[in-house]
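Peer 1: With the first letter of the sequence shown counted as 1, position 348 gets the number 365 in the working numbering; the numbers rise by one all the way through.
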Amino acid sequence: MDQDLNIPLSSQAVFWRPRHVAGSPLLEDIPYLFWVLETVRPRSVVQVGLGDGLLYLALCQAVERLGTDAVCLGIQEDAAELPEALRHAHDSQYGDFSLILRGDRAGEALQPGEIDMLVVDAGLSAAQAGGVVRDWLPRLSRHGIVLVCNPDGQAVEGALRAALYGDDNLLRIAGPLSPAAGRLDALLWGADQPERLKRLAASNWSTPAHRGARLVFGRLGRALVDAWAVSELRESRRGEPARRGGGMPRAGREDAFEALMQEKARLEAENARLARQCDERIEDIAVLVQTFDRDKSALQAGTRSAEAEVARLREHLAAAERAGEAGRSQAEEVQKRNAMLEAERSALQDELARVVAEGEARLAEMARRHADEIRALHDSTSWRITRPMRSVKQAFSRKG
18 MDQDLNIPLS SQAVFWRPRH VAGSPLLEDI PYLFWVLETV RPRSVVQVGL
68 GDGLLYLALC QAVERLGTDA VCLGIQEDAA ELPEALRHAH DSQYGDFSLI
118 LRGDRAGEAL QPGEIDMLVV DAGLSAAQAG GVVRDWLPRL SRHGIVLVCN
168 PDGQAVEGAL RAALYGDDNL LRIAGPLSPA AGRLDALLWG ADQPERLKRL
218 AASNWSTPAH RGARLVFGRL GRALVDAWAV SELRESRRGE PARRGGGMPR
268 AGREDAFEAL MQEKARLEAE NARLARQCDE RIEDIAVLVQ TFDRDKSALQ
318 AGTRSAEAEV ARLREHLAAA ERAGEAGRSQ AEEVQKRNAM LEAERSALQD
368 ELARVVAEGE ARLAEMARRH ADEIRALHDS TSWRITRPMR SVKQAFSRKG
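#1: What does DSSP give as the partner residue(s) for LEU71 in the beta ladder?
#2: Going by DSSP, which residues form a beta bridge with VAL89?
#3: By the 10 Å Cβ neighbour count, where 16 or more other Cβ atoms means buried, how is GLY40 classified, buried or exposed?
#4: In terms of residue numbering, what span does the beta strand (DSSP E) encompassing ALA191 cover?
#5: What span of residues does the beta strand (DSSP E) with VAL136 cover, start to end?
#6: How would you write the range of the alpha helix (DSSP H) that VAL150 sits in, first residue to last?
#7: Can you look up LEU217 in the DSSP assignment and give me helix, strand or coil?
#8: Is the separation between the beta-carbon of LEU316 and that of VAL233 shorter than 8 Å?
#9: Assuming PRO129 and ARG159 make a contact with CB atoms under 8 Å, what is their CB distance in whole Å?
#10: In terms of residue numbering, what span does the beta strand (DSSP E) encompassing ALA203 cover?
#11: State the Cα-Cα distance for the pair ILE117 and GLY148, rounded to the nearest angstrom.
#12: To the nearest angstrom, how far is it from the Cα of ALA374 to the Cα of SER346?
#13: Can you give me the C-alpha to C-alpha distance between VAL63 and SER223, rounded to a whole angstrom?
#14: Does the Cβ-Cβ distance between VAL38 and TRP245 come in under 8 Å?
#15: Does the Cβ of GLY40 lie closer than 7 Å to at least one heavy atom of the ligand SAM?
#16: Which runs of the beta strand (DSSP E) spanning at least 3 residues fall entirely within the region 331-408, listed in chain order?
#17: Indicate the three-state DSSP secondary structure (helix, strand or coil) for VAL38 in the structure shown.
#18: Can you tell me the Cβ-Cβ gap for ALA191 and ASP202, rounded? I've got them flagged as a contact below 8 Å.
#19: Sorted by chain position, which residues of the same chain lie with C-beta nearer than 8 Å to ALA427's C-beta, five sequence neighbours on each side aside?
#20: Assign SER109 to one of three DSSP states: helix, strand, or coil.
#21: For GLN210, count the other beta carbons within 10 Å of its own beta carbon; 16 or more makes it buried, fewer makes it exposed. Which is it?
#22: In angstroms with no decimal places, state the Cα-to-Cα distance between LYS215 and LEU205.
#23: Assuming LEU44 and LEU241 are in contact, meaning their beta carbons sit under 8 Å apart, how far apart are those beta carbons, in whole angstroms?
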């Protein structure tokens, strides 16, 4: 596995503890949200529809923690309002870089290409959904990413669903990566995206990267839910009203006291169970971290070995190229030599033809001269005078 894709253990953000927790269906998705924020590092974040406010405050916390000088903008309908505790936490801690606006024309203040992250919350009205299509999607940058909460709910219908999910070529990281009650889809809207986001979006549920992400995000998310349940139990114990006896009969007070003791024992048992679950989650995370470190070491060793093999192959290739260059030079030299020999052969053939022609001419001349000499001899007087003597000699030669 790629060490940069061995998510989320390559990120510290997944272990951040959220400052603001509530009984929200998206509480389990906070580690995943933190990881996405750390990966994208947006310059501007817009959330349309704040719901219970938990997700928006988590976005603000991540932006502050990353220290990226990003700005956050939350868009509410006119009649909507955050819970008082969350609104006070927002204004006191994030008011310097975050603004919550009302109305459907808030997007007019931003220019196209200014938004790096757009969050579409569940339960949008028809007006808000239309505003997402009209005002916000056109303002996403080349790095833009859209987070959609509960895409199967009423928040994503009609024109908004067509705008968000109508492009089959759009890369998506479909939730839930953790088995949360809610669901958080990540749509990689812009063309320029971090490589590990693109590779995770291109993988399917059966790949090691996807399985590892589901495992870690799921356990971290459930640990947050368990911690919230423990906190609620403790609050309920501290807030249990003091039941005074008043005019209650003694038997009634004893029964009430016994009921309180039983409830106390039940709450303590539940508290212990949840604490054990938290400890188990922490142990699981520790095992995952150790596994990641081991896999990372093995990957680094394999990478070094592969780099050495690549260097050896490159040297071998360079030697082969040098040998090939030498061979090409030798071939060119042989071709030149062959051309020279061919020229010499052609010249020798021409010379031989010339010599043969001259010899034949000489032979013809000599034959002509010889014939002339014989003819002259036959015509000479001495040849006629000696003819009887030659005849007698030939006769004696036959007798002998």
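The beta-carbon is built from N, C-alpha and C at its ideal position, and this holds for glycine as well. Small disclaimer: the values here were computed from a predicted structure and weren't measured.
Peer 2: Here's the rundown:
#1: One-based indexing of the sequence shown puts residue 71 at position 54. Residue pairing by DSSP places LEU71 opposite no residue, since no beta bridge is assigned to it.
#2: For this step, residue 89 is matched to residue 72 along the sequence shown. It is Cys, not Val, that sits at residue 89 in the sequence shown. Beta-bridge pairing links CYS89 to VAL62, SER115.
#3: The residue labelled residue 40 in the question sits at position 23 within the sequence shown. By the neighbour-count criterion, in which 16 or more other beta carbons inside 10 Å mark a residue as buried, GLY40 falls on the exposed side.
#4: Translated into positions along the sequence shown, residue 191 becomes position 174. First-last for ALA191: undefined, no H or E at that position.
#5: As a first step, residue 136 must be located in the sequence shown, where it is residue number 119. Unbroken beta strand (DSSP E) run through VAL136: 132-137.
#6: Locating residue 150 in the sequence shown gives position 133, counting from the first residue. VAL150 -> no alpha helix (DSSP H), and no H or E assigned at all.
#7: Here residue 217 refers to the residue found at position 200 of the sequence shown. LEU217 falls in the helix class under three-state DSSP.
#8: Counted from its first residue, the sequence shown places residue 316 at position 299. Counted from its first residue, the sequence shown places residue 233 at position 216. Not a contact, by the Cβ cut-off of 8 Å.
#9: Within the sequence shown, the letter at position 112 stands for residue 129. Within the sequence shown, the letter at position 142 stands for residue 159. So it is not a contact: roughly 11 Å between Cβ atoms.
#10: In the sequence shown, the residue the question calls residue 203 occupies position 186. That run of the beta strand (DSSP E) goes 201-205.
#11: Here residue 117 refers to the residue found at position 100 of the sequence shown. Here residue 148 refers to the residue found at position 131 of the sequence shown. The straight-line gap from Cα to Cα measures roughly 16 Å.
#12: Taking the first residue of the sequence shown as 1, we reach residue 374 at position 357. Taking the first residue of the sequence shown as 1, we reach residue 346 at position 329. Distance between the alpha carbons of ALA374 and SER346: 42 Å.
#13: Walking along the sequence shown from the start, residue 63 turns up at place 46. Walking along the sequence shown from the start, residue 223 turns up at place 206. So the two alpha carbons sit approximately 33 Å from each other.
#14: Translated into the one-based positions of the sequence shown, residue 38 becomes position 21. Translated into the one-based positions of the sequence shown, residue 245 becomes position 228. Here VAL38 is near TRP245, since their CB atoms are less than 8 Å apart.
#15: What this structure holds is no ligand at all, so the ligand SAM is not there to describe.
#16: Runs found: none.
#17: Start at 1 with the first residue of the sequence shown, and residue 38 comes out as number 21. DSSP places VAL38 in coil when its eight states are reduced to three.
#18: On the sequence shown, residue 191 is found 174 positions in, with the first residue counted as 1. On the sequence shown, residue 202 is found 185 positions in, with the first residue counted as 1. ALA191 to ASP202, Cβ: 6 Å. Contact.
#19: This structure cannot settle anything about residue 427, because the visible part of the chain is limited to 18 through 417.
#20: Walking along the sequence shown from the start, residue 109 turns up at place 92. Here SER109 sits in helix by DSSP.
#21: If you number the sequence shown from 1, residue 210 lands on position 193. Under this definition GLN210 is a buried residue.
#22: Your numbering for residue 215 matches position 198 in the sequence shown. Your numbering for residue 205 matches position 188 in the sequence shown. Going from the Cα of LYS215 to the Cα of LEU205 covers about 8 Å.
#23: As a position in the sequence shown, residue 44 is number 27, starting the count at 1. As a position in the sequence shown, residue 241 is number 224, starting the count at 1. So it is a contact: roughly 6 Å between Cβ atoms.
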